[in-house]
Amino acid sequence: MTSLNHLIKRVFTKKLDDQPDLTVYDLFDWAERDVVIMDHKTGRLLTDMKELSFPAHYSQNACDIIASKYFRKAGVPGETGAETSMRQVAHRMVSFWLAALQEELSITSEQSNILYDELVYALLNQMFAPNSPQWFNTGLKLSYGISGGQNGYYYYDEKIGEVVESQDDYTRTQASACFILSIEDKLLGPHSISEEYVTETRLFKGGSGTGTNFSAIRAEGERLSGGGASSGLMSFLKGLDRNAGAIKSGGTTRRAAKMCSLDIDHPEIEDFILWKAREEDKVRALAKMG
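One gets my numbering by counting positions in the sequence shown from 1 and adding 624 to each.
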């Protein structure tokens, strides 16, 4: 793979060349923030995290979102077992990206240090933000030794030219936000309805979302090979929607993201459209209730 050495140079962190005793984290003023989030309907305490460290220019809303959604809450070495600083989050993600890059490219230690500083600076300065699975998963094993289990994740091993199963969850992290899944009109086996549940659950656990076109599933009342009649597409869609609603994306408080699509010539297209409309009505009704 082509080297990136000639592209790596200091842009935002030139000050570090003149003052080698500083780190990229010294380029920011830091402040302690408390993140306390209540359920305004019930008064129940949802998040209570004290004395967290953020760049001083962060709004309270930014601190609330990052701490409640993206700080690792368990398994982190330290007194609380949780991340308590934006420094930790930036370091675990960027150090993992650099380690992955060094596996693929021949970059010098100096170039790696420059790229680390530039990426950390841009992240802390809110110039970019990665997707949710990166916040949830990236660098957990490299920085904290958190490995997870062997849960059916796969990757392409370039050395042997084959797709192989990952030995744990976080050596090679789930880092993509969205997955398009295919489905066939069968209950069991590859690309089946039952496998859709398992695959979606696995992806939701890592903080990703899914999208599927369900047009291949036969409509209600259509004949089955065993002589009976199909219970219909909508019965399966409602079950999959409940599955997504029951799973907290990435282990946080957020509902998993799921997209369903259906071709207009499917026999149940009207029921599908009305189902979506009813769900939107529920959202509007809940919003009016506060």
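For glycine and all other residues, C-beta sits at the position ideal for the given N, C-alpha and C.
(message) Suppose you measure from the CA of K665 to the CA of A868; what does that come to, to the nearest Å?
(response) 24 Å
(message) Taking the alpha-carbon of I689 as reference, which of H630, A753 and Y740 has the nearest alpha-carbon?
(response) A753
(message) If you measure between the beta carbons of K808 and A840, is that distance less than 7 Å?
(response) Going by the sequence as given, residue 808 is Glu instead of Lys. Closer than 7 Å, so yes.
(message) Beta-carbon within less than 7 Å of D793's beta-carbon, same chain only, minus the 5 sequence neighbours each way: which residues are those?
(response) Within the same chain, D793 has close Cβ partners S771, G772, G773, N775 and Y777.
(message) Measuring straight from C-alpha to C-alpha, what distance separates F896 and A870?
(response) 21 Å
(request) Can you tell me which of the three DSSP states A680 falls into? (result) coil
(request) Taking all protein chains shown into account, decide if G845 is buried (16 or more other Cβ within 10 angstroms of its Cβ) or exposed. (result) exposed
(message) On the DSSP letters alone, give me the boundaries of the beta strand (DSSP E) that K882 sits inside.
(response) K882 to S885
(request) Consult DSSP for L982 and reduce its assignment to one of helix, strand or coil. (result) Limits of the chain in this structure are 625 at one end and 914 at the other, which puts residue 982 out of reach.
(request) For the segment 691-699 and the segment 661-677, state whether three or more C-beta atom pairs, one from each stretch, are separated by less than 8 Å. (result) yes
(request) Rounded to whole angstroms, what's the CA-CA distance from P915 to P679? Just pull it up for me. (result) In the structure as shown, the chain starts at 625 and stops at 914, and residue 915 therefore has no counterpart that could be examined.
(request) Please name the residue, chosen from I888, R908, D887 and R826, that lies closest to P757 on a Cα-to-Cα basis. (result) Cα-wise, what sits closest to P757 is R826.
(message) If you reduce the DSSP assignment to three classes, tell me which class T834 lands in.
(response) In the three-state DSSP reduction, T834 falls in the strand class (E or B).
(request) Have a look at F636 and L670 and give me their C-alpha separation to the nearest angstrom. (result) 37 Å
(request) Inspect the beta-carbon positions of F720 and G769 and report whether they are closer than 7 Å. (result) no
(message) Please report the straight-line C-alpha distance between A909 and K900, rounded to a whole angstrom.
(response) Cα to Cα, the separation comes out at about 14 Å.
(request) Find out if the Cβ-Cβ distance for the pair R801, N761 is shorter than 7 Å. (result) It is worth fixing the name first, because residue 801 is Ala in this sequence and not Arg. Not in contact: A801 and N761 (Cβ atoms no closer than 7 Å).
(message) By the DSSP assignment, the beta strand (DSSP E) with E789 in it spans what residues?
(response) E786 to E789
(request) Under 6 Å Cβ to Cβ from K882, same chain only, skipping five residues before and after it: list those, please. (result) T834 and A868
(request) Alpha carbon to alpha carbon, how far is L676 from V713? Give it in angstroms, no decimals. (result) Distance between the alpha carbons of V713 and L676: 12 Å.
(message) Since G864 and E824 should fall inside the 8 Å C-beta cutoff, what is the C-beta to C-beta distance between them, to a whole number of angstroms?
(response) A quick correction: the sequence has Leu, not Gly, at residue 864. Right, the Cβ-Cβ distance comes to about 7 Å (below 8 Å), so this counts as a contact.
(message) Could you compute how far the alpha carbon of T795 sits from the alpha carbon of S683?
(response) 33 Å
(message) Once DSSP output is grouped into helix, strand and coil, what is the label at K810?
(response) coil
(message) If contacts are defined as beta-carbon pairs under 8 Å, then F828 and L861 qualify, I think. What distance do you get, rounded to the angstrom?
(response) Between L861 and F828 the Cβ distance is about 16 Å, and since that is not below 8 Å, they are no contact.
(message) For a quick check, are the C-beta atoms of S767 and F803 less than 7 Å apart?
(response) no
(message) Rounded to the nearest angstrom, what separates D642 and H715 at their Cα positions?
(response) 22 Å
(message) Just to confirm before moving on: does the CB-CB distance between L848 and E892 stay below 7 Å?
(response) no
(message) For A799, which residues in the same chain have their Cβ closer than 7 Å to its Cβ, ignoring the five residues on either side in sequence?
(response) P757, Q758, N761 and T762
(request) Give the secondary structure of R657 by DSSP, where H, G and I count as helix, E and B as strand, and everything else as coil. (result) In the three-state scheme derived from DSSP, where H, G and I count as helix and E and B as strand, R657 is classed as strand.
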